[in-house]
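A.B. asks: In the working numbering, the protein residues as written are 4 to 388.
The structure follows.
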């Protein structure tokens, strides 16, 4: 078994396609991330997992590494599991939940891992947590065992509820976008909070709230609780001090203006209430994207999550809507940059018509999408009458 280290080793996961954004974000915080499949690895002093949960906008979950070892049979597996130092995360009484993922292992299957863990920790049984996807987590301790061949890595979930659940968005519009994806798109678009931000189809306001918090330097985890707060090794006083210090770093208001538009009045009401819970003020107005022009002088960033046509009868209307959005971006926002997330659909990309746009693969709720990023749009001559 690997020897115990005084510094922490953590794995921070993110949504597919956002690994570069997470790596850049962790680097900007002064950490030294190593990009790996699905996220980054970090090392640092005790409490690093707390600060990562609190500060990282693009993170989905933070796992605290507890140990790694090799085992080819159940007896060896039980021996190593029993030797793990779990006192920091487990009180030894309430049975932890266990999530197991296996790839090409000589150990026959997950049931062997569960039986070995129960034997090693003196429990009648261990609860199966299932895969810790974006909707996993919750109350209590969850341990994750990842198996690659005969190599085992054991980690503790320190986040609990997935990190996109910031606490301010208690209502969503028709096409909800996860807060972590919105934050990742803003970072990939090089938004730093010092220039105007416009969402022409703002829905419940997720892009705008995330942009406001980024502009205010407000940490995304200040309104919620985390699984690690119930760990025996959590120093409540130190955690309260960290939260107070991070909260004091936030500015009282964004450094730039944020404007949201939507044709749906109900969506704008949702955006206002979400913004109020987040403690930010947004300029929101009912307007059709077809007639929209920049509300303030540029340069700035326009960011959009247009409808995807999942509902019956919508798909045939999408090309026209995307042509209108593209027209607005090219003519109404000359000198601005744009970031648009849309389905991985060549016809819709063509309808949007953003010459020179970079295309990055991302996923939104499991759907394969593209993120189109443009530089400042060049002014175009008016159409001939």
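Don't be surprised by glycine CBs; every beta carbon is placed ideally from N, CA and C.
Give me the Cα-Cα distance between residue 283 and residue 26, rounded to the nearest whole angstrom.
C.D. replies: The residue you call residue 283 lines up with position 280 of the chain shown. The residue you call residue 26 lines up with position 23 of the chain shown. For the pair residue 283 and residue 26, the Cα-to-Cα distance works out to about 27 Å.
A.B. asks: What first and last residue would you give for the alpha helix (DSSP H) that runs through residue 344?
C.D. replies: Walking along the chain shown from the start, residue 344 turns up at place 341. No alpha helix (DSSP H) holds residue 344; the beta strand (DSSP E) holding it covers 340-346.
A.B. asks: Here's a check: name, in chain order, each residue in its chain whose Cβ is nearer than 6 Å to the Cβ of residue 94, leaving out the five neighbours to either side.
C.D. replies: Residue mapping note: residue 94 aligns to position 91 of the chain shown, counting from 1. The residues are 235.
A.B. asks: Just to confirm before moving on: does the CB-CB distance between residue 171 and residue 277 stay below 8 Å?
C.D. replies: Numbered from 1 along the chain shown, position 168 holds the residue referred to as residue 171. Numbered from 1 along the chain shown, position 274 holds the residue referred to as residue 277. Contact: yes.
A.B. asks: Where does residue 106 land, buried or exposed, given buried means 16+ other C-beta within 10 angstroms?
C.D. replies: Mapped onto the chain shown, residue 106 falls at position 103. With fewer than 16 other Cβ atoms within 10 Å, it is exposed.
A.B. asks: Which residues bound the alpha helix (DSSP H) around residue 66?
C.D. replies: As a first step, residue 66 must be located in the chain shown, where it is residue number 63. Unbroken run through residue 66 is the beta strand (DSSP E), 64-73; no alpha helix (DSSP H).
A.B. asks: Look at residue 345 and residue 373 and say whether their C-beta atoms are less than 8 Å apart.
C.D. replies: The residue you call residue 345 lines up with position 342 of the chain shown. The residue you call residue 373 lines up with position 370 of the chain shown. Against a cut-off of 8 Å, the Cβ pair of residue 373 and residue 345 comes out as a contact.
A.B. asks: Evaluate contact between the stretch 185-194 and the stretch 56-73, counting only Cβ atoms and requiring at least three cross-stretch pairs below 8 Å.
C.D. replies: yes
A.B. asks: Which class does residue 370 belong to by DSSP, given the choice of helix, strand or coil?
C.D. replies: Residue numbering aside, residue 370 sits at position 367 when the chain shown is read from its first letter. The answer is strand: DSSP assigns residue 370 an E or B state.
A.B. asks: Going by the beta-carbon positions, is the gap between residue 144 and residue 92 smaller than 8 Å?
C.D. replies: The residue you call residue 144 lines up with position 141 of the chain shown. The residue you call residue 92 lines up with position 89 of the chain shown. Yes, they are a contact pair.
A.B. asks: Could you check the C-alpha separation between residue 160 and residue 109 for me, to the nearest Å?
C.D. replies: Within the chain shown, numbered from 1, the residue matching residue 160 stands at position 157. Within the chain shown, numbered from 1, the residue matching residue 109 stands at position 106. Computed Cα separation, rounded: 26 Å.
A.B. asks: Based on the DSSP secondary-structure assignment, which residues constitute the bridge partners of residue 376?
C.D. replies: As a position in the chain shown, residue 376 is number 373, starting the count at 1. Looking at the DSSP assignment, residue 376 forms a beta bridge with 342, 361.
A.B. asks: In chain order, which continuous runs of the alpha helix (DSSP H) of length 4 or greater are located wholly inside the stretch 79-149?
C.D. replies: 113-123
A.B. asks: Short check: CB of residue 253 to CB of residue 263, under 8 Å?
C.D. replies: As a first step, residue 253 must be located in the chain shown, where it is residue number 250. As a first step, residue 263 must be located in the chain shown, where it is residue number 260. Taking 8 Å as the Cβ cut-off, residue 253 and residue 263 do not qualify as a contacting pair.
A.B. asks: With C-beta atoms as the reference, is residue 102 less than 8 Å away from residue 132?
C.D. replies: As a first step, residue 102 is located in the chain shown; it is residue number 99 there, counting from the start. As a first step, residue 132 is located in the chain shown; it is residue number 129 there, counting from the start. Against a cut-off of 8 Å, the Cβ pair of residue 132 and residue 102 comes out as a contact.
A.B. asks: Is DSSP giving residue 315 helix, strand or coil here?
C.D. replies: Sequence index remark: in the chain shown, residue 315 carries index 312 (1-based). Residue placement at residue 315 is flagged as unreliable, the pLDDT there being 36, under the threshold of 50; a coordinate-derived value is accordingly withheld.
A.B. asks: Identify every run of the alpha helix (DSSP H) within the stretch 23-61, keeping only runs that are complete inside it and at least 4 residues long; order them along the chain.
C.D. replies: 51-58
A.B. asks: Measure the C-alpha to C-alpha separation of residue 302 and residue 90 and round it to an integer number of angstroms.
C.D. replies: In the chain shown, the residue the question calls residue 302 occupies position 299. In the chain shown, the residue the question calls residue 90 occupies position 87. Rounded to whole angstroms, residue 302 to residue 90 spans 53 Å at the Cα level.
A.B. asks: Please say whether residue 66 and residue 166 have beta carbons closer to each other than 8 Å?
C.D. replies: Looking up residue 166 in the chain shown gives position 163. Looking up residue 66 in the chain shown gives position 63. Not a contact, by the Cβ cut-off of 8 Å.
A.B. asks: Starting from the C-beta of residue 366, find all residues in its chain whose C-beta is less than 7 Å away, skip the five residues before and the five after it, and write them out in chain order.
C.D. replies: As a first step, residue 366 must be located in the chain shown, where it is residue number 363. Cβ within range, chain order: 18, 19, 20, 372.
A.B. asks: Pop quiz: residue 153 and residue 75 are said to be a contact at Cβ under 8 Å. What is the actual Cβ separation, rounded to whole angstroms?
C.D. replies: The residue given as residue 153 occupies position 150 in the chain shown. The residue given as residue 75 occupies position 72 in the chain shown. The Cβ separation is near 5 Å, so the contact holds.
A.B. asks: Decide if residue 36 is buried, meaning its Cβ has at least 16 other Cβ atoms within 10 Å, or exposed.
C.D. replies: The count along the chain shown starts at 1 and reaches residue 36 at position 33. Classification of residue 36: buried, given that the 10 Å Cβ count is 16 or more.
A.B. asks: Between which two residues does the beta strand (DSSP E) carrying residue 13 extend?
C.D. replies: By 1-based counting over the chain shown, the position of residue 13 is 10. Start and end: 11-16.
A.B. asks: By a C-beta neighbour count over all protein chains shown, 10 Å radius and 16 as the cutoff for buried, is residue 1 buried or exposed?
C.D. replies: Because the chain spans 4 through 388 in this model, residue 1 falls outside it and cannot be assessed.
A.B. asks: Among the residues of its own chain, which have a CB less than 6 Å from the CB of residue 331, if the five just before and after it don't count?
C.D. replies: As a first step, residue 331 must be located in the chain shown, where it is residue number 328. Only 292, 295 meet the Cβ criterion.
A.B. asks: Closer than 6 Å by C-beta to residue 280: which residues in its own chain qualify, once you throw out the five before and the five after it? Chain order, please.
C.D. replies: Sequence index remark: in the chain shown, residue 280 carries index 277 (1-based). These residues qualify, in order along the chain: 171.
A.B. asks: Report buried or exposed for residue 369, applying the criterion of at least 16 other Cβ atoms within 10 angstroms of its Cβ.
C.D. replies: Here residue 369 refers to the residue found at position 366 of the chain shown. Exposed.
A.B. asks: Which of the three DSSP states is assigned to residue 288 in this structure?
C.D. replies: Here residue 288 refers to the residue found at position 285 of the chain shown. It is a strand residue.
A.B. asks: Quick one: what does DSSP say residue 156 is sitting in, helix, strand or coil?
C.D. replies: Taking the first residue of the chain shown as 1, we reach residue 156 at position 153. Residue 156: strand per DSSP, three-state reduction.
A.B. asks: With DSSP as the reference, please indicate the residues paired to residue 336 in a beta bridge.
C.D. replies: As a position in the chain shown, residue 336 is number 333, starting the count at 1. Beta-bridge pairing links residue 336 to no other residue.
A.B. asks: Which ranges would you report for the beta strand (DSSP E) in the stretch 185-261 if only whole runs of at least 3 residues count?
C.D. replies: 200-202
A.B. asks: How many Å lie between residue 199 and residue 151 at the Cα?
C.D. replies: Taking the first residue of the chain shown as position 1, residue 199 is located at position 196. Taking the first residue of the chain shown as position 1, residue 151 is located at position 148. Taking the straight line joining both Cα atoms gives about 47 Å.
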